[in-house]
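J.: Pasting in a structure now, in structure tokens, and then I'll have a few things to ask.
Number of protein chains: 2
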Amino acid sequence: MSAAPEIHIEPGAPEPDWLAVDWGTSHVRAWFLRGRRVVGWATSADGMGTLEPDGFEPALLRLLPMPDARLSVMICGMAGSRQGWIEAPYAATPCVPPTAERAVRAPTRTDRLDVRILPGIKQVDPADVMRGEETQIAGFLALNPGYDGIVCLPGTHSKWVHVSAGEVVSFRTFMTGELFSLLSTQSVLRHSMAVDGLDEDVFLSAMSRGLSRPASLGSDLFALRAEALLNDLPPVVARSRLSGLLVGMELAAAKPYWLGQQVAVLGAKGLANAYRISLEDQGLPVMIADAERMTLEGLKAAYFAEQDADARTGS
Amino acid sequence: MSAAPEIHIEPGAPEPDWLAVDWGTSHVRAWFLRGRRVVGWATSADGMGTLEPDGFEPALLRLLPMPDARLSVMICGMAGSRQGWIEAPYAATPCVPPTAERAVRAPTRTDRLDVRILPGIKQVDPADVMRGEETQIAGFLALNPGYDGIVCLPGTHSKWVHVSAGEVVSFRTFMTGELFSLLSTQSVLRHSMAVDGLDEDVFLSAMSRGLSRPASLGSDLFALRAEALLNDLPPVVARSRLSGLLVGMELAAAKPYWLGQQVAVLGAKGLANAYRISLEDQGLPVMIADAERMTLEGLKAAYFAEQDADARTGS
Numbered sequence: 001m002s003a004a005p006e007i008h009i010e011p012g013a014p015e016p017d018w019l020a021v022d023w024g025t026s027h028v029r030a031w032f033l034r035g036r037r038v039v040g041w042a043t044s045a046d047g048m049g050t051l052e053p054d055g056f057e058p059a060l061l062r063l064l065p066m067p068d069a070r071l072s073v074m075i076c077g078m079a080g081s082r083q084g085w086i087e088a089p090y091a092a093t094p095c096v097p098p099t100a101e102r103a104v105r106a107p108t109r110t111d112r113l114d115v116r117i118l119p120g121i122k123q124v125d126p127a128d129v130m131r132g133e134e135t136q137i138a139g140f141l142a143l144n145p146g147y148d149g150i151v152c153l154p155g156t157h158s159k160w161v162h163v164s165a166g167e168v169v170s171f172r173t174f175m176t177g178e179l180f181s182l183l184s185t186q187s188v189l190r191h192s193m194a195v196d197g198l199d200e201d202v203f204l205s206a207m208s209r210g211l212s213r214p215a216s217l218g219s220d221l222f223a224l225r226a227e228a229l230l231n232d233l234p235p236v237v238a239r240s241r242l243s244g245l246l247v248g249m250e251l252a253a254a255k256p257y258w259l260g261q262q263v264a265v266l267g268a269k270g271l272a273n274a275y276r277i278s279l280e281d282q283g284l285p286v287m288i289a290d291a292e293r294m295t296l297e298g299l300k301a302a303y304f305a306e307q308d309a310d311a312r313t314g315s
Numbered sequence: 316m317s318a319a320p321e322i323h324i325e326p327g328a329p330e331p332d333w334l335a336v337d338w339g340t341s342h343v344r345a346w347f348l349r350g351r352r353v354v355g356w357a358t359s360a361d362g363m364g365t366l367e368p369d370g371f372e373p374a375l376l377r378l379l380p381m382p383d384a385r386l387s388v389m390i391c392g393m394a395g396s397r398q399g400w401i402e403a404p405y406a407a408t409p410c411v412p413p414t415a416e417r418a419v420r421a422p423t424r425t426d427r428l429d430v431r432i433l434p435g436i437k438q439v440d441p442a443d444v445m446r447g448e449e450t451q452i453a454g455f456l457a458l459n460p461g462y463d464g465i466v467c468l469p470g471t472h473s474k475w476v477h478v479s480a481g482e483v484v485s486f487r488t489f490m491t492g493e494l495f496s497l498l499s500t501q502s503v504l505r506h507s508m509a510v511d512g513l514d515e516d517v518f519l520s521a522m523s524r525g526l527s528r529p530a531s532l533g534s535d536l537f538a539l540r541a542e543a544l545l546n547d548l549p550p551v552v553a554r555s556r557l558s559g560l561l562v563g564m565e566l567a568a569a570k571p572y573w574l575g576q577q578v579a580v581l582g583a584k585g586l587a588n589a590y591r592i593s594l595e596d597q598g599l600p601v602m603i604a605d606a607e608r609m610t611l612e613g614l615k616a617a618y619f620a621e622q623d624a625d626a627r628t629g630s
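Protein sequence lines, in the order shown, are assigned to chains A and B. Following this note's numbering, the numbering of the first sequence begins with 1 at its first residue and continues without gaps. Following this note's numbering, the numbering of the second sequence begins with 316 at its first residue and continues without gaps.
And the structure:
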């Protein structure tokens, strides 16, 4: 059993009638909503990676402070993977981000919960997958209707996505964040590395090196170790260079996506900012949006899709 | 305390008078010698990474089946690092591989052991270091006097070394082996990966891809995961492609070393063979030598350097 969840309810708010849930590999986050109004939220470390299929319902119930409420639940993310609560088979590119009608109903033992899980999106060639990011894109499109261009979602598995006419046209995933995490905490470089802090000048200079000389990554990495041994390289400089080299290598490979394009970066603040200054360094105009807010907006868009469509057609 | 060491003594062999020791991060291996003749060997998991400075002498004594012998000991590798038994400060390029006269005497509590540790080699710009490989190079040069060209030492931290007139002129280190280990056992790719086996055709094709498109590593890696999810990519194919992509990226960056050169690969059999077929695929003639044997020959060369020099000068 994991640590107790963190739960916040807005004092005096109306009872929620549904839950918007982002279920990742390491964490789950739920928003309590009454219609479109957020009245609270809860989070725990009961990520998909820690749960068997029959563990999802109890983990969700632990997030609920209202013992008797009957709730609809709309979930995005890894809960819909093959190792999750129930598999929500991928939609295939090109496609609009999946909404309620594509969602898969999850089995529950209590009749208090009516649970649906949104599918991710797959691309056949080159093979690629996303689960969760499609909902962030849906949220971004809900707030920026008619957006046509590139959406970049930096993270453990960074995504570059071509969005046009409301559809995900194509995308590529880069293991940049996972490489950073492995190298900074598990490799020989961990001895030379600060656990946080970023020197923007060092980051940008290394980003530029990674972008222009991506092949040299393997030796540029070991040079961090050698400079720490021989020249007492400051740990924040080492961390900033590692980050810059990896982001630069990603930008080199993602160039067909961003060159001459409009780019929206959806990410947590510090990470989104690192990508923003990297792309601005290449002369691109960049807009930023908060990933967590986009997820919530995307879950709302998916949940209300049918009635929004009804409203639009006047039925 | 670690597992018991493995010890082999040749039946009926003369008593050893010295030990040649390769002390790495995760293991230690000692050869028992009488003059130039190997009469046994021992190994244990008492690597530098598991020992405090005062733990090296007991770890060495545990390898000895001869309780009363008085022995000279010549060590190469991580025992001479700052975190090791005692620091043996780096020699600087360009230099010959260090021999006994550059070795640092290690403190011992018993007078049975006379222990010396060989320095590694550093390069100031670009910053780089080696500890242990210089002794393999010394061994290779002892068996191939006058060799002029490139020595490649694949491994956790692969080295490419320019050797000329008996000296290490310059070198670069690549984190290829460590990246392979982290990605195949710690990353999301571990779910898709065989623990051994190599399909040579798949390896060579991925190597060629990594060599020509090194920037794409981040997305080529995630494609292994996506193809496992979508197309049931066979685990041995995934492992062969991961290995090929990483070796290809290394060859792309190391091209100034090998292009148009004579290359000797010093490595364990399977790994050396992977580099050999990769370089032959690029049209290079390649010679291979066993890394462990080169280490032993290098320790012998270091140990006997003074008397060999005396013999050459006729004194």
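Beta carbons: idealized from backbone N, C-alpha and C, even for Gly.
(1) Taking the alpha-carbon of residue 508/B as reference, which of 485/B, 488/B, 524/B and 540/B has the nearest alpha-carbon?
(2) Measuring alpha carbon to alpha carbon, tell me which residue in 381/B, 328/B and 399/B is nearest residue 339/B.
(3) Name, please, each residue of chain A whose Cβ falls closer than 7 Å to the Cβ of residue 531/B.
(4) Tell me, please, whether the stretch 186 to 204 of chain A touches the stretch 158 to 177 of chain A by the rule of three or more beta-carbon pairs shorter than 8 Å.
(5) What is the rounded straight-line gap between the Cα of residue 187/A and the Cα of residue 205/A?
(6) Can you say whether residue 534/B is buried or exposed, counting buried as having 16 or more other CB atoms within 10 angstroms of its CB?
(7) At a Cβ cut of 7 Å, what residues of the stretch 440 to 474 of chain B count as close to chain A, listed as they run along the chain?
(8) Please report the distance separating the alpha-carbon of residue 21/A from that of residue 319/B.
(9) Are residue 590/B and residue 465/B close, meaning C-beta to C-beta below 8 Å?
(10) Check whether the Cβ atoms of residue 113/A and residue 60/A lie closer than 8 Å to each other.
(11) Determine the contact status of residue 133/A and residue 156/A, defining contact as a CB-CB distance below 8 Å.
(12) For a contact defined as C-beta to C-beta under 7 Å, what are the partners of residue 219/A on chain B?
(13) Can residue 323/B and residue 355/B be called in contact, C-beta distance under 8 Å?
(14) Below 8 Å between beta carbons: does that hold for residue 575/B and residue 454/B?
(15) Which residue marks the beginning of the beta strand (DSSP E) containing residue 9/A, and which one marks its end?
(16) Compute the distance between the beta-carbons of residue 392/B and residue 402/B, then report whether it is under 8 Å.
(17) For residue 563/B and residue 386/B, what's the separation of their Cα atoms in angstroms?
(18) In chain B, what lies closer than 9 Å to residue 226/A by C-beta?
(19) Who are the Cβ neighbours of residue 300/A in its own chain at under 7 Å, not counting the five residues just before and after it?
(20) In angstroms with no decimal places, state the Cα-to-Cα distance between residue 290/A and residue 233/A.
(21) Rounded to the nearest angstrom, how far is the Cβ of residue 345/B from that of residue 321/B, given a contact under 8 Å?
(22) Can you tell which of 131/A, 148/A, 108/A and 268/A has the C-alpha that lies nearest to the C-alpha of residue 91/A?
(23) Whole angstroms is fine: what's the gap from residue 556/B's alpha carbon to residue 474/B's?
(24) Is it right to say residue 120/A is buried, meaning 16 or more other beta carbons lie within 10 angstroms of its own, or is it exposed?
(25) I want to see whether chain A comes within less than 8 Å of residue 497/B, judged by CB atoms only; does it?
(26) Specify, as a first and last residue, the run of the beta strand (DSSP E) that residue 417/B falls within.
(27) Please list the partners that residue 406/B has in chain A, where partner means a Cβ-to-Cβ separation under 7 Å.
(28) Measure the alpha-carbon distance for residue 154/A versus residue 82/A and round it to whole angstroms.
(29) Would you please verify whether the beta carbon of residue 402/B is less than 8 Å from any beta carbon of chain A?
(30) Return helix, strand or coil for residue 401/B, following the three-state DSSP convention.
(31) Please compile the residues from chain A whose C-beta is within a distance smaller than 8 Å of the C-beta of residue 493/B.
(32) Between 625/B, 603/B, 621/B and 623/B, which has its C-alpha nearest residue 303/B's C-alpha?
(33) Provide the residue span of the beta strand (DSSP E) that contains residue 262/A, from first to last.
(34) Shorter than 8 Å from the beta carbon of residue 545/B to some beta carbon of chain A?
(35) Could you check whether the Cβ of residue 250/A sits closer than 8 Å to any Cβ belonging to chain B?
T.: So, from the listed chains and residues:
(1) 540/B
(2) 399/B
(3) 253
(4) no
(5) 23 Å
(6) buried
(7) 441, 442, 443, 444 and 472
(8) 52 Å
(9) no
(10) yes
(11) no
(12) 487, 488, 489 and 568
(13) yes
(14) no
(15) 6 to 9
(16) no
(17) 45 Å
(18) 437, 438, 441, 442, 443, 444 and 488
(19) 20 and 36
(20) 33 Å
(21) In fact, because the Cβ distance is near 11 Å, the residues do not count as touching under 8 Å.
(22) 131/A
(23) 22 Å
(24) buried
(25) yes
(26) No beta strand (DSSP E) holds residue 417/B; DSSP gives it neither H nor E.
(27) Going along chain A, no residue has its Cβ under 7 Å from residue 406/B, so there is no contact; the nearest lies around 13 Å.
(28) 24 Å
(29) no
(30) coil
(31) 187 and 188
(32) Residue numbering for chain B in the displayed model covers 316 to 630; residue 303/B lies beyond these limits and cannot be assessed.
(33) Looking at the DSSP string, residue 262/A is not in any beta strand (DSSP E), and its letter there is neither H nor E.
(34) yes
(35) yes
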